[in-house]
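Note sheet for the following structure.
Numbering (full-length UniProt numbering), first residue to last: 1 to 393.
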C-alpha cells in the first residue's frame, strides 16, 4: 500500500503509543479507524472523502502491522511462536487475494463494504482475548498476569518457571531508564536496530510492492495472452505457499527460510529481467513471454515462503519490552516508507528499462542474502528473554 507522508507520520505516532498503552486497546482503536475509513470510502462523494477514508484505513493498518506480530510473539510459547506469527502473514495474503478476486466482479463501493466484515469480527472477538502477560507483568498487575498466562497455556499447565522468567526480566528492565527515540542508537540497542531496520529494507527492496501493485501491467507487457491468467495465478499462489512457510518456520528456523526466500526472489527477478532483455532485442520471441510469466510467479512464491512473514516475526522478537514502542515505530515507518518508495518508482523504472528494473531488484535480493547470512541471528526455539541475551552477548 502506498501511503501519504501524513499517514506515515500517523503510523509512527500510533505505533510509538502502542509501546505505552494496552495492546488490545490499540487493536480496538485500529478496528474503529478501519471501520470509519471503509465507511468514508463507501459514502464518498469526491476526492476529499476518499482521501479521508484512505487516511483512516492507513492509520489502522499501520498500527495492526506492528501490534499484531508483537502481541502474537508475546503470548505464544516459544515452540509455536514462529508458526503462529506467520499465520498473521497468511491472513494478510488470504485477505488481499480474496479482495483481488472479489474486486474483479463487484464495484469498488461494494468492495469497501466487504472490508467492514473482518473489522467488525475483530472488534467483537477482542472482547474474548486475554491481554499480553508480559505487559501485565510490566505494569504490576500480578493476579491478572498469572490468570492470563494460565489461560493461554491451559489450566493444567505448569507456568511457574515461565512466570518467574518473565518477572525476572521485567525487574531487570525496570532498572533501566525509560527509552526515548534517540536512546535506540545507544550501544545496547544498536544491533537490534540494525537487524530490525535492515531486514525491513531487505523485504521492501526485493521490489514486492512494485511488482505486486503492477502485476497485471507486467504480465500485459510480457504478452497480452498471459495478462489475465498471470494476474489470477499471482493472487492465488501466495496462500498455499505461505501455509508451507508457516508449517516450516518452527522446524527449519527463521534464518534458513529467509535465506531460501531471498535466493528465490533473486532468481525470479533475474529470470524476469532476462525475459524482458530478450524481448527488447527480439530474441526467442516465443519463449521470452513465458520466461516473464514463470519469473514473476517464481518471485512471489519464494517471497511468500519467507520474506513476507519472517521479517515481521524477527522484528517482534528482537527488541526488549522497554523499547518496543519506540523501536517498533521506527522499524514499521522504515517498512512503510520503503513500500511507498518502491511502488512510487516502479513505473518510472519500467519506463527507463524493463529488464534493468528486475535486474536491480535481483541485486537487492542478493544483498539481502548477504545481510541475513552475516547479521541476523537465529531465534528459533528461544524465549524472548533468551533472544535478548543472545543479541547483547
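All C-beta atoms in this analysis are idealised placements derived from N, C-alpha and C, irrespective of residue type, glycine included.
Note that the coordinates shown come from a computational prediction; the quantities given were computed from them, not determined experimentally.
- Here residue 31 is buried: its Cβ has 16 or more other Cβ atoms, across all protein chains shown, within 10 Å.
- By the Cβ rule, the region 195-215 counts as touching the region 355-373, because three or more pairs are nearer than 8 angstroms.
- The region 333-346 makes no contact with the region 264-272; the number of CB pairs closer than 8 angstroms stays below 3.
- Using a 10 angstroms sphere on the CB of residue 273, the tally of other CB atoms reaches 16 or more, which defines it as buried.
- Of all alpha-carbon atoms in 380, 41, 351, the one lying nearest the alpha-carbon of residue 253 is that of 380.
- Between the region 243-258 and the region 291-311, the count of C-beta pairs closer than 8 angstroms reaches three or more; the two stretches touch.
- In the DSSP assignment, residue 189 falls within the alpha helix (DSSP H) that extends over 187-204.
- Shown here for residue 335: same chain residues with a beta carbon closer than 6 angstroms to its own, the five before and five after excluded, namely 200 in chain order.
- The Cβ atoms of residue 62 and residue 37 lie no closer than 8 angstroms to each other.
- By alpha-carbon distance to residue 159, the top candidate from 149, 332, 191 is 149.
- If you draw a straight line from the Cα of residue 122 to the Cα of residue 23, it is about 14 angstroms long.
- Residue 145 sits close to residue 136, with the two beta carbons spaced by under 8 angstroms.
- Around residue 69, the same chain offers 85, 88, 312, 316 as residues with beta carbons nearer than 6 angstroms, after the five sequence neighbours per side are excluded.
- Within the same chain, 381, 382, 383 come within 7 angstroms of residue 78 by CB-CB distance, once the 5 residues on both sides are set aside.
- Cβ-Cβ separation between residue 338 and residue 205: approximately 7 angstroms, consistent with a contact (criterion under 8 angstroms).
- Per DSSP, reduced to three states, the secondary structure at residue 282 is coil, with no helix or strand assignment.
- For residue 230, the CB contacts under 6 angstroms within the same chain, skipping 5 residues up- and downstream, are 219, 293 in chain order.
- The alpha carbon of residue 287 has as its nearest neighbour, out of 73, 275, 330, the alpha carbon of 275.
- One Cα belongs to residue 289, the other to residue 376, and the distance between them is close to 37 angstroms.
- If the five residues before and after residue 191 are omitted, its C-beta is found closer than 7 angstroms to the C-beta atoms of 391, all from its own chain and listed in chain order.
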